[in-house]
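**Q**
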Amino acid sequence: MRAYEALADLLLPTSCAGCDAAGVSLRGGVCGDCVATVTAMRPHETRPTPAPPGLPVCVSLGQYADPLRSMIVNYKDRGRHRLAKPLGTLLGAVVAEVAAGRPVLLIPVPDTPGAARERHGDHMARLTRAAARHLRAAGTAALVAYPLAAMPRADSAHLSAADRAVTAQSAFVIRDTRVNSLRAAARGRLIFLLDDVLTTGSTLAVVSERLAEVDVEVAAGVTLAATELRRDRADSRGMGAAGPNGRIPVKRS
Ligand SMILES: [Zn+2]
């Protein structure tokens, strides 16, 4: 079935990846209505409640709801790899909003080796490359680094937030051979950690910790979507997502 699903992406997609509408004209596998919906979304600062210790500022494009949710699932688990371009562009636009023209270093949260095999490639690495291309085309100096490795682990989807936090602690390591080049690439850049969905925040917290251990300070975690666990800062503080200059305040490296 997996192989068939991967092959399906080689054919012209027959239904919209966001709303499953068939017989409509598709752009990158997505219908005009869904393109309009996701491009109208505005990045906002978001935070799970409770937030795990060490969680950086998190910025998401939208809620984990359709059509964005379906686009992510179709891309990630149903082999529609061509969605990397539209989704990567959206992710890049979120980074651009926070970076406001400053040079950036993008670091994707990696798949475990098993997940990357099942998905015919690391799904966040592919998205991050597409995000970097979008940023460069828009004039932002963007580099991508892959300093992290994900340890094989059981699926965490069924775990409680507390159990996820414990599992996540041992889930990622920094590749020793990449530390020096990572530090060099990080110099003078805002560092963004990229993932698809923010749930409990434990992954972004742990990965940020691993990076801090080698003196690389994450400016913000950026995701396409955030689940209902989080509270939007903007909900309680009006347009609280942005700082005094209309910028989302992030730490400089
Ligand atoms: Zn659609």
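Our numbering puts the sequence shown at residues 17 to 269.
A virtual CB, placed ideally from N, CA and C, is assigned to each residue, including glycine.
1) Give the DSSP-derived three-state secondary structure of V189 in the structure shown.
2) Could you pull the start and end residues of the alpha helix (DSSP H) that C74 belongs to?
3) Mind checking whether the beta-carbon of A52 lies closer than 7 Å to any heavy atom of ligand 1?
4) Tell me whether A37, by its Cβ, gets closer than 7 Å to a heavy atom of ligand 1.
5) Using a Cβ-Cβ cut-off of 6 Å (strictly less than) and excluding sequence neighbours within five positions of V230, which residues of its own chain qualify?
6) Decide if A187 is buried, meaning its Cβ has at least 16 other Cβ atoms within 10 Å, or exposed.
7) Sort P124, A166 and A115 by Cα distance to R205 and report the nearest one.
8) Does ligand 1 have a heavy atom nearer than 7 Å to the CB of V46?
9) With L240 and L77 assumed to form a contact (beta carbons below 8 Å), what rounded beta-carbon distance in angstroms separates them?
10) Going by beta-carbon coordinates alone, are A146 and A100 separated by less than 8 Å?
11) Quick one: any contact between the segment 173 to 184 and the segment 133 to 151, if contact means 3 or more CB pairs under 8 Å?
12) Determine the DSSP secondary structure at L156, reduced to helix, strand or coil.
13) How far does the alpha helix (DSSP H) with P129 in it extend, from its first residue to its last?
14) Does the beta carbon of P102 fall short of 7 Å from some heavy atom of ligand 1?
15) Give a yes or no on whether the C-beta atoms belonging to A202 and V232 are separated by under 8 Å.
16) What separation, rounded to the nearest whole angstrom, lies between the Cα atoms of P163 and F208?
17) Any heavy atom of ligand 1 within a distance shorter than 7 Å of the CB on G34?
18) Work out the CA separation of R96 and G48 for me, nearest whole Å.
19) Kindly indicate which three-state DSSP category P64 falls into: helix, strand or coil?
20) Between the Cα of M140 and the Cα atoms of A154, G108, E113 and G117, which residue gives the shortest distance?
21) Who are the Cβ neighbours of T128 in its own chain at under 6 Å, not counting the five residues just before and after it?
**A** The answer reads as follows:
1) DSSP places V189 in strand when its eight states are reduced to three.
2) Per DSSP, C74 belongs to no alpha helix (DSSP H); it is in the beta strand (DSSP E), C74 to Q79.
3) Because no heavy atom of ligand 1 lies under 7 Å away, the Cβ of A52 does not count as near it: no.
4) yes
5) Hits under 6 Å: I190 and V195.
6) buried
7) A115
8) yes
9) 5 Å
10) yes
11) The segment 173 to 184 and the segment 133 to 151 do not touch, with fewer than 3 CB-CB distances between them shorter than 8 Å.
12) The sequence as given places Thr at residue 156; Leu does not occur at that position. Of the three classes helix, strand and coil, the one that applies to T156 here is coil, per DSSP.
13) Per DSSP, P129 is one residue of the alpha helix (DSSP H) stretching across P129 to E134.
14) no
15) yes
16) Going by the C-alpha atoms only, they are around 13 Å apart.
17) For G34, the Cβ falls inside the 7 Å cut-off from some heavy atom of ligand 1.
18) 18 Å
19) Look at P64 here: in three-state DSSP terms it is strand.
20) For M140, the closest of A154, G108, E113 and G117 by C-alpha to C-alpha distance is G108.
21) A166 and P168
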